[in-house]
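Residue numbers (my numbering): 21 to 433.
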Amino acid sequence: MEIQLTRSQQKSLFLIGITTIYIIRLVWLEFLDAPYWWDEEHFWETSLTFSDKLFPSLADISDYEELNTPLPFVTFGLLEHLFGQGIRAGRLLNFLLSLGIAFLIGWPTKEKGGRAILCLIGLFLCPYYLILSGRLYTEMIACFWVLMGMVGYVHNRHWLSCIAFVLAISTRQYMLAFPLAIAAYEFMGSVAHRRQAESIDWKAQGRWIAPLVAACSILVWFYLFGGLAPKSALVVRADLVPSVQRTLWGMAPGSMIHLLSYVGLYIVIPEFLLFNPINTIKNIGIKWRQHKVKVGLIALGLLVFIVIFPPQEIATGYVAEQINKLPYTVIRLGAYYFLSLLTCIRFSRFSLTAVLVFFNALIMVKAHPWDRYALPMVVVFWYLKSLDLIDQPAPTGLFEHKHDSLEPSVPTS
Numbered sequence: 021m022e023i024q025l026t027r028s029q030q031k032s033l034f035l036i037g038i039t040t041i042y043i044i045r046l047v048w049l050e051f052l053d054a055p056y057w058w059d060e061e062h063f064w065e066t067s068l069t070f071s072d073k074l075f076p077s078l079a080d081i082s083d084y085e086e087l088n089t090p091l092p093f094v095t096f097g098l099l100e101h102l103f104g105q106g107i108r109a110g111r112l113l114n115f116l117l118s119l120g121i122a123f124l125i126g127w128p129t130k131e132k133g134g135r136a137i138l139c140l141i142g143l144f145l146c147p148y149y150l151i152l153s154g155r156l157y158t159e160m161i162a163c164f165w166v167l168m169g170m171v172g173y174v175h176n177r178h179w180l181s182c183i184a185f186v187l188a189i190s191t192r193q194y195m196l197a198f199p200l201a202i203a204a205y206e207f208m209g210s211v212a213h214r215r216q217a218e219s220i221d222w223k224a225q226g227r228w229i230a231p232l233v234a235a236c237s238i239l240v241w242f243y244l245f246g247g248l249a250p251k252s253a254l255v256v257r258a259d260l261v262p263s264v265q266r267t268l269w270g271m272a273p274g275s276m277i278h279l280l281s282y283v284g285l286y287i288v289i290p291e292f293l294l295f296n297p298i299n300t301i302k303n304i305g306i307k308w309r310q311h312k313v314k315v316g317l318i319a320l321g322l323l324v325f326i327v328i329f330p331p332q333e334i335a336t337g338y339v340a341e342q343i344n345k346l347p348y349t350v351i352r353l354g355a356y357y358f359l360s361l362l363t364c365i366r367f368s369r370f371s372l373t374a375v376l377v378f379f380n381a382l383i384m385v386k387a388h389p390w391d392r393y394a395l396p397m398v399v400v401f402w403y404l405k406s407l408d409l410i411d412q413p414a415p416t417g418l419f420e421h422k423h424d425s426l427e428p429s430v431p432t433s
């Protein structure tokens, strides 16, 4: 269901809403002078180590006291070096990036119509988006570069997309999931094309080679760190280092359940509520009769997985906090199972979005289970939803995309 307003009314509604929300946020943050909030204090201390010169040395970016890749701290340090405004400059950058992402998703164009505003509402329903807007955290920079990577991808600017994904990985290691997912999705389409074509379209191979190159940039950071994270961080933040990050082969499969449950709560349920829930319920009944065996197998497979690899009790964030308040372990597991099952059923049809969700869940086996780590996936989902690209399946034959076009590479409906 789209908002039935004229284009002018939609734009006015967007501008009034976005102005009101961000002014309230700015006042809440005491015009970016609010006290430190959680990790901001040590993030700012790390940023100051990059503020004494214009460009950091190789040694500077190879070893520092944070667990994630250094681009945010280098950026915040550069702002301090140039303007000397303290933590306010970095907070302002994140505030403006948040505003830019909101415009990119929610601005009502001719193609998007009222769907864009609904997608913006969906984005804001994830609490971390506005909470981290205007705070000195790394997520907003990561979300921005991941979104730029997706924008380049859907507009067939694959090498520009590659650069954006490299910068995203340089912000947070787990952004690796996005270029890997695109590379896998496009490679499968390329194989399907190769079976039907008489010769290889080498130009089209860039659709999976470019994101694969971006994904491989993580190896540069592993080389510079001499491991998965800077050595100093592993010592100073030892109490925060997940056990799965202490060794190369350490994994926690149960963390995949966490990510799937976050997607269920922050994406699947809001999408259902915002986009014609009555028709969705009717369609569920029809599809259940058509695909009940498939749904049953998904439910059984997920149940077996969650029994063998239960969610970790050390999870943090709003979702874990609320679920941990429930009595009895079986009820808590049931909550994770229900939310994860919603995700698995919603994305059971093969599509780019399904692949993105799978790779984001897969990357969590090497991360601490925290629902704010789902924020980049939330941003990407609502961007693709605003373009009506969520359920586009993989092509079964030749990719018929115009590589010199500025239009989205998958036709919008």
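A virtual CB, placed ideally from N, CA and C, is assigned to each residue, including glycine.
Note that the coordinates shown come from a computational prediction; the quantities given were computed from them, not determined experimentally.
### Query
Which one or two residues does DSSP pair with Thr336 in a beta bridge?
Paired residue(s): Trp390.
### Message
What residue range does the alpha helix (DSSP H) around Ala272 cover?
### Response
Looking at the DSSP string, Ala272 is not in any alpha helix (DSSP H), and its letter there is neither H nor E.
### Message
Rounded to the nearest angstrom, what separates Trp48 and Gly37 at their Cα positions?
### Response
Roughly 17 Å between the two C-alpha positions.
### Query
Quick one, are the C-beta atoms of Thr363 and Phe401 less than 8 Å apart?
Their beta carbons are not under 8 Å apart, which means Thr363 does not touch Phe401 by this criterion.
#### Entry: Residue from Leu143, His175 and Trp179 with nearest C-alpha to Cys163
Selected option, being the one with the closest Cα: Leu143.
### Task
Might you give, ordered along the chain, the residues of its own chain that have their beta carbon closer than 7 Å to the beta carbon of Tyr282, omitting 5 neighbours on each side?
Only residues of its own chain outside the window of five on either side were considered, and among them Val339, Asp391 and Ala394 have a CB closer than 7 Å to the CB of Tyr282, listed in chain order.
### Query
Are the Cβ atoms of Ser360 and Ile277 separated by less than 8 Å?
Yes.
### Task
Identify the continuous alpha helix (DSSP H) that holds Lys31 and give its terminal residues.
Start and end: Arg27 to Trp48.
### Task
Please report how far the alpha carbon of Phe70 lies from the alpha carbon of Phe295, in whole angstroms.
Cα-Cα distance, rounded: 46 Å.
### Query
By a C-beta neighbour count over all protein chains shown, 10 Å radius and 16 as the cutoff for buried, is Lys422 buried or exposed?
Interpretation of Lys422 is limited by its pLDDT of 35, a score under 50 that renders its predicted location unreliable; no figure is taken from the coordinates.
### Message
Helix, strand or coil for Thr191? Go by DSSP, reduced to three states.
### Response
For Thr191, the secondary structure class from DSSP, reduced to helix, strand or coil, is coil.
### Query
Taking Leu145 as the reference, which of Leu117, Glu291 and Phe378 has the closest Cα?
Closest option to Leu145, Cα to Cα, is Glu291.
### Task
Use the C-beta contact count for Ser77: other C-beta atoms within 10 angstroms, 16 or more gives buried, fewer gives exposed.
Its Cβ having fewer than 16 others within 10 Å, Ser77 is exposed.
#### Entry: Stretch pair the stretch 262–269 + the stretch 92–104: three plus CB contacts closer than 8 Å
The stretch 262–269 is not in contact with the stretch 92–104.
### Message
Can you list, in chain order, the residues of its chain with a C-beta nearer than 8 Å to that of Phe379? Leave out the 5 residues immediately preceding and following it.
### Response
Ala197, Phe198, Leu200, Ala201 and Ala204.
### Task
Specify, as a first and last residue, the run of the alpha helix (DSSP H) that Lys405 falls within.
From DSSP, the alpha helix (DSSP H) with Lys405 extends over Leu395 to Ser406.
### Message
Helix, strand or coil, according to DSSP, for Trp127 in the structure here?
### Response
Reduced to three states, the DSSP call for Trp127 is coil.
### Message
Would Pro128 and Ala136 be called neighbours here (beta carbons separated by less than 8 Å)?
### Response
A contact, by the Cβ cut-off of 8 Å.
### Task
Could you spell out where the alpha helix (DSSP H) holding Lys13 opens and where it closes?
What is shown of the chain runs 21 to 433, which leaves residue 13 out entirely.
### Task
State the CB to CB distance for the pair Phe245 and Ser82, rounded to an integer number of angstroms; the pair is presumed to be in contact (CB under 8 Å).
Indeed they touch by this definition, with Cβ atoms about 7 Å apart.
### Query
Touch check for the stretch 176–189 and the stretch 379–388: three-plus C-beta pairs under 8 Å?
These segments do not touch.
### Alpha-carbon spacing of Ser371 relative to Leu404, whole angstroms
Approximately 12 Å, taken between the alpha carbons.
### Message
Helix, strand or coil, according to DSSP, for Asp83 in the structure here?
### Response
Three-state result, Asp83: coil.
### Task
Report the option in Ile161, Leu279, Gln193 and Leu124 whose CA atom is closest to the CA atom of Pro330.
Among Ile161, Leu279, Gln193 and Leu124, the Cα nearest to that of Pro330 is on Leu279.
### Query
Where does His62 fall in DSSP's three states?
Assignment of His62 by DSSP, reduced to helix, strand and coil, places it in the helix class.
### Reduced DSSP category for His175 - H, G, I as helix; E, B as strand; rest coil
It is coil, neither helix nor strand.
### Query
Taking the alpha carbon of Asn88 as the point to measure from, which residue in Asp72, Gly134 and Ile161 has its own alpha carbon closest?
Ranked by how close their Cα comes to the Cα of Asn88, the residues Asp72, Gly134 and Ile161 have Ile161 in first place.
### Query
For the alpha helix (DSSP H) that contains Leu156, what are its first and last residues?
Note, Leu156: premise wrong, no alpha helix (DSSP H); not H, not E.
#### Entry: Glu86 and Ala253 closer than 8 Å at C-beta
The Cβ atoms of Glu86 and Ala253 sit closer than 8 Å to each other.
### Query
In three-state DSSP terms, what is Trp165?
In the three-state DSSP reduction, Trp165 falls in the helix class (H, G or I).
#### Entry: Contact set for Arg352: own chain, Cβ-Cβ below 6 Å, skip 5 residues either direction
Ile343 and Leu346.
### Message
For Gln29 and Gly110, I'd like the C-alpha separation in whole angstroms.
### Response
The C-alpha of Gly110 is placed about 34 Å away from the C-alpha of Gln29.
### Query
What is the C-beta distance between Arg108 and Leu25, in whole angstroms, given that I count them as a contact (C-beta under 8 Å)?
That belief does not hold up - the Cβ atoms of Arg108 and Leu25 are roughly 37 Å apart, past 8 Å.
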